[in-house]
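Number 217 in UniProt numbering belongs to position 217 of the sequence shown; there are no gaps in the numbering. Backbone N, C-alpha and C fix where the C-beta goes; we use that ideal spot for every residue, glycine too.
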Amino acid sequence: MQSLMKVVLAPRTGSATESERRKKKKEDVLLERSLSSSTRYPSMPRYPLSPLHGEVDVSEIRKANLKVTGMECAACAGSIEKAVKRLPGIEEATVSVLQNRAQVVYRPAFVQHAVQCGRQEDACSNVVGNDLKGVHGIQEESIREAIEDAGFEAEAIVDDAGQRSGSISRFRIKGMTCTSCSNSIESSLKKLDGVQKAVVALATEECEVRHDAGVISHVQLAAAIDDLGYEAELLIAGEETNRIRLQLEGVTAAADFQLVKEMLVALGTWEERGKSGPSSSSGDIIKVVPGSKVPTDGVVVWGQSFVNESMITGEARPVPKKLGDKVIGGTMNDHGVIHIRATHVGAETALAQIVRLVEAAQMGKAPVQKYADRISTYFVPAVVVAAFVTWLAWYVGGKARSYPKSWIPAAMDEFELALQFGISVLVIACPCALGLATPTAIMVATGKGATQGILIKGGQALEAAHKVKTVVFDKTGTLTIGKPIVVHTKLLTNIPLHVFYDTIAAAEVNSEHPLGKAIVAYSRKISGEHSSHGQQQHEVRDFEAIPGQGVRAVVDGKATLVGNMRLMKEHGIHISEEAEEHLRDVETLARTGVMVAIERELVGVVSIADPVKPEAARVISILKSMGVRSMMVTGDNWGTAVAIARELGIERPCVHAESLPEDKARIVEEMQAAGTSVAMVGDGINDSPALVAADVGMAIGAGTDIAIEAADIVLMKSNLEDVITGIDLSRKSFFRIWLNYVWALGYNVLGIPIAAGALFPSTGFRLPPWVAGAAMAASSVSVVCSSLWLKRYKRPKVVEEIDTSVQR
Numbered sequence: 001m002q003s004l005m006k007v008v009l010a011p012r013t014g015s016a017t018e019s020e021r022r023k024k025k026k027e028d029v030l031l032e033r034s035l036s037s038s039t040r041y042p043s044m045p046r047y048p049l050s051p052l053h054g055e056v057d058v059s060e061i062r063k064a065n066l067k068v069t070g071m072e073c074a075a076c077a078g079s080i081e082k083a084v085k086r087l088p089g090i091e092e093a094t095v096s097v098l099q100n101r102a103q104v105v106y107r108p109a110f111v112q113h114a115v116q117c118g119r120q121e122d123a124c125s126n127v128v129g130n131d132l133k134g135v136h137g138i139q140e141e142s143i144r145e146a147i148e149d150a151g152f153e154a155e156a157i158v159d160d161a162g163q164r165s166g167s168i169s170r171f172r173i174k175g176m177t178c179t180s181c182s183n184s185i186e187s188s189l190k191k192l193d194g195v196q197k198a199v200v201a202l203a204t205e206e207c208e209v210r211h212d213a214g215v216i217s218h219v220q221l222a223a224a225i226d227d228l229g230y231e232a233e234l235l236i237a238g239e240e241t242n243r244i245r246l247q248l249e250g251v252t253a254a255a256d257f258q259l260v261k262e263m264l265v266a267l268g269t270w271e272e273r274g275k276s277g278p279s280s281s282s283g284d285i286i287k288v289v290p291g292s293k294v295p296t297d298g299v300v301v302w303g304q305s306f307v308n309e310s311m312i313t314g315e316a317r318p319v320p321k322k323l324g325d326k327v328i329g330g331t332m333n334d335h336g337v338i339h340i341r342a343t344h345v346g347a348e349t350a351l352a353q354i355v356r357l358v359e360a361a362q363m364g365k366a367p368v369q370k371y372a373d374r375i376s377t378y379f380v381p382a383v384v385v386a387a388f389v390t391w392l393a394w395y396v397g398g399k400a401r402s403y404p405k406s407w408i409p410a411a412m413d414e415f416e417l418a419l420q421f422g423i424s425v426l427v428i429a430c431p432c433a434l435g436l437a438t439p440t441a442i443m444v445a446t447g448k449g450a451t452q453g454i455l456i457k458g459g460q461a462l463e464a465a466h467k468v469k470t471v472v473f474d475k476t477g478t479l480t481i482g483k484p485i486v487v488h489t490k491l492l493t494n495i496p497l498h499v500f501y502d503t504i505a506a507a508e509v510n511s512e513h514p515l516g517k518a519i520v521a522y523s524r525k526i527s528g529e530h531s532s533h534g535q536q537q538h539e540v541r542d543f544e545a546i547p548g549q550g551v552r553a554v555v556d557g558k559a560t561l562v563g564n565m566r567l568m569k570e571h572g573i574h575i576s577e578e579a580e581e582h583l584r585d586v587e588t589l590a591r592t593g594v595m596v597a598i599e600r601e602l603v604g605v606v607s608i609a610d611p612v613k614p615e616a617a618r619v620i621s622i623l624k625s626m627g628v629r630s631m632m633v634t635g636d637n638w639g640t641a642v643a644i645a646r647e648l649g650i651e652r653p654c655v656h657a658e659s660l661p662e663d664k665a666r667i668v669e670e671m672q673a674a675g676t677s678v679a680m681v682g683d684g685i686n687d688s689p690a691l692v693a694a695d696v697g698m699a700i701g702a703g704t705d706i707a708i709e710a711a712d713i714v715l716m717k718s719n720l721e722d723v724i725t726g727i728d729l730s731r732k733s734f735f736r737i738w739l740n741y742v743w744a745l746g747y748n749v750l751g752i753p754i755a756a757g758a759l760f761p762s763t764g765f766r767l768p769p770w771v772a773g774a775a776m777a778a779s780s781v782s783v784v785c786s787s788l789w790l791k792r793y794k795r796p797k798v799v800e801e802i803d804t805s806v807q808r
């Protein structure tokens, strides 16, 4: 299919004469006409002609972010969106008044083609000769020009893919004597690949360069200045990653978080050395002292401590960290010294990804905002007409003596009175309040969710969550811990418990099976409780793992079998009625029974289970009280699924077992077809189809990257009570949005007639233009204040009770 989405163009060879160029141009026109006259379908894009050598991939889609200044209200954003959408190849354009940002999704081939067709062919050929970065610059430039043509200023900023770097290098330059020196340095630097901006101050002899560190380094910049005959001394180099503007709450929803220390301590082979935070790289061993912030994501390789992760999870309790535990950049090390190995740096860190998610969410528009946009489109022309009609009615009425002359103030005549009424109507009308009703609430809600450990990917997810009537849970890793543990031991002989576990742990120590690992882990715990005996060293030989059955080995000269009933029967081990009855009881409780035989005698049965999360049953109960039905879909067997559902209080008809990934998605779609709004909560790759199919996909933060990518909401703390918090926050947010709309519409419905003089005949009250202007501003401020009330949001009390009981 990809080959069908490409246009193969013949490359030019040699130098073309004027006649050849005219001939080629004629052929291009004929080809374009033949393409335009051929049968086309809505799904088939119109392939642009391009002077690029080789082929043009028209299926490629890119995203550009631009900073826009000069916007005053939602109408401004609407006019910018319309202007950008007129360009060919624009898939989507979204403008946020609050963030002063425009996000444009476009097809580079079409935008580039439109720009080049508006230029002379020679100029076009020069552009084609540039590298890919230059072509990308042309595409963003055309979008920027479209915004500026609409009457606003625009500047390209870092896009989601991180194609541009935020690196800033500052130099002290010696040898400049006049303005021409600084100008020549600026112009020379701007011509270099990778340089985005260069400013030279003659008075301070300093130069600041913003550049892409991946394309050109500060060393190369200094060399370029030296080549011009000046002496450059580096002052500051590196990306400004010590502060990231995390947009969360408030009118501008901006809160600065100190992510990393400006200096960190990197451990070399023989010594510690200071490094700037941005210069750290993956694999560095970094020392984190008490009271300092973890500079980047990593794994603890030495020491132990408690780390405050509240800025990520919203949980104020310090989390213990030991050898092998992961740490997150930006969190606070409270106690001990730890050494970490950096695993993710810069834009790859968890906090940087959260920032991008929150910013993307705040750029998105909720479906409910479409109504406000539609009203705003017609609102301004309607108000202008209403103002003109008001002026005309009062003016004509005054001339025709339709109202007493005593109504006209002494300092005015009919024209001035009518003009005042018309101006008041024009001034008091406020589309801004309508335009701010949704984005301000969404911005505060998504920010508040982030502080609670809930990442909401946009207004659409926030809106859909408040309609949810059914929540579908995956079992393993979502309702359960996702890690098998030993929950019960049944000894059938007089063997001591610690000897029993020492023996089977020795047999299982080389096993890679999860059940074997659970037994070994529990054995170490038992050995710790019986420290006087200690975990003895055993001689193990003839180890063999038997797929689907268990393991066998000779431990201290004794033949040992650890596995299921099939393994025992194949080796002729006698199984008593007591053991069989116990095994049936174990399976009824959705547990796995592991039998142990030593020297051909059955000595015990170990019960292993994946226990449900402590809060799971209470969460199911609270959702039911909120009018939300809970269902469980799992790939596990029916016996286990029914037992878990019984423990959690999920009704039998709401359980679906032995389900493949496509079955989970099908079940969700069937409920949607029945008119139910569905949320899916999962953590694994097999949950991804259902997460995408659901109206709201909620991914457990400890889940796979694919599940998190597919979900609309990410529960960073991996706690099920956040499902309740997410739904409750959505309901509170949309109540606030509708309250904003009621106020904004009510203000205009009441304010415009009063400004037009509806009360003047009966009461003599009229609204001067300056008062109308103040009322207009007050309406917008009141909507913003209403949205800011969401900053006071707190989790439901029932969730706090769950959290307290789990801690106990």
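With burial defined as no fewer than 16 other Cβ atoms inside 10 Å of the residue's Cβ, what is the status of residue i: buried or exposed?
i, result
"A400", "exposed"
"S406", "exposed"
"V200", "buried"
"V806", "Confidence at V806 is low in this model, with a pLDDT of 48, below 50, so its placement is unreliable and the value that follows should be read with caution. V806 comes out exposed."
"F171", "buried"
"G639", "exposed"
"E580", "exposed"
"W391", "buried"
"A674", "exposed"
"P409", "exposed"
"H53", "Because H53 sits at a pLDDT of 42, beneath the cut-off of 50, its placement in the model cannot be relied upon, and the point is left open."
"F152", "buried"
Measure the CB-CB distance between residue i and residue j and report whether it falls below 8 Å.
i, j, result
"V97", "G435", "yes"
"V554", "G563", "no"
"R792", "T725", "no"
"A777", "A437", "no"
"D334", "V307", "yes"
"L417", "A387", "no"
"V215", "S169", "no"
"V723", "V681", "yes"
"V783", "T440", "yes"
"V628", "V471", "yes"
Note the first and the last residue of the continuous alpha helix (DSSP H) segment covering residue i.
i, result
"D728", "721-755"
"V425", "414-428"
"Q196", "Unbroken run through Q196 is the beta strand (DSSP E), 195-201; no alpha helix (DSSP H)."
"A224", "218-227"
"N183", "179-190"
"D474", "Taken as a continuous stretch (DSSP letters only), D474 belongs to no alpha helix (DSSP H), being part of the beta strand (DSSP E) at 470-474."
"Y501", "497-508"
"I644", "638-648"
Assuming residue i is part of the beta strand (DSSP E), what are its boundary residues?
i, result
"W789", "It is not in any beta strand (DSSP E) - W789 carries neither H nor E in the DSSP assignment."
"D297", "297-303"
"H344", "338-344"
"L660", "Run containing L660: none; DSSP gives neither H nor E here."
"D542", "540-546"
"E91", "90-96"
"T69", "62-69"
Residue i: which of the options sits nearest, CA to CA?
i, options, result
"G604", "M631, P614, T560, L623", "T560"
"T493", "I375, M595, T296", "M595"
"P88", "V105, A77, T480, C76", "V105"
"N637", "A616, V84, L660", "L660"
"S625", "L417, D728, T476", "D728"
"V396", "G422, V380, I143, M632", "G422"
"V299", "A518, G330, R341, V319", "R341"
"P768", "S762, S780, G751, A679", "G751"
"M716", "R766, S576, K457", "K457"
Going by DSSP, name the residue or residues bridged to residue i.
i, result
"S607", "H488, G593"
"M698", "V681, I713"
"S630", "V471"
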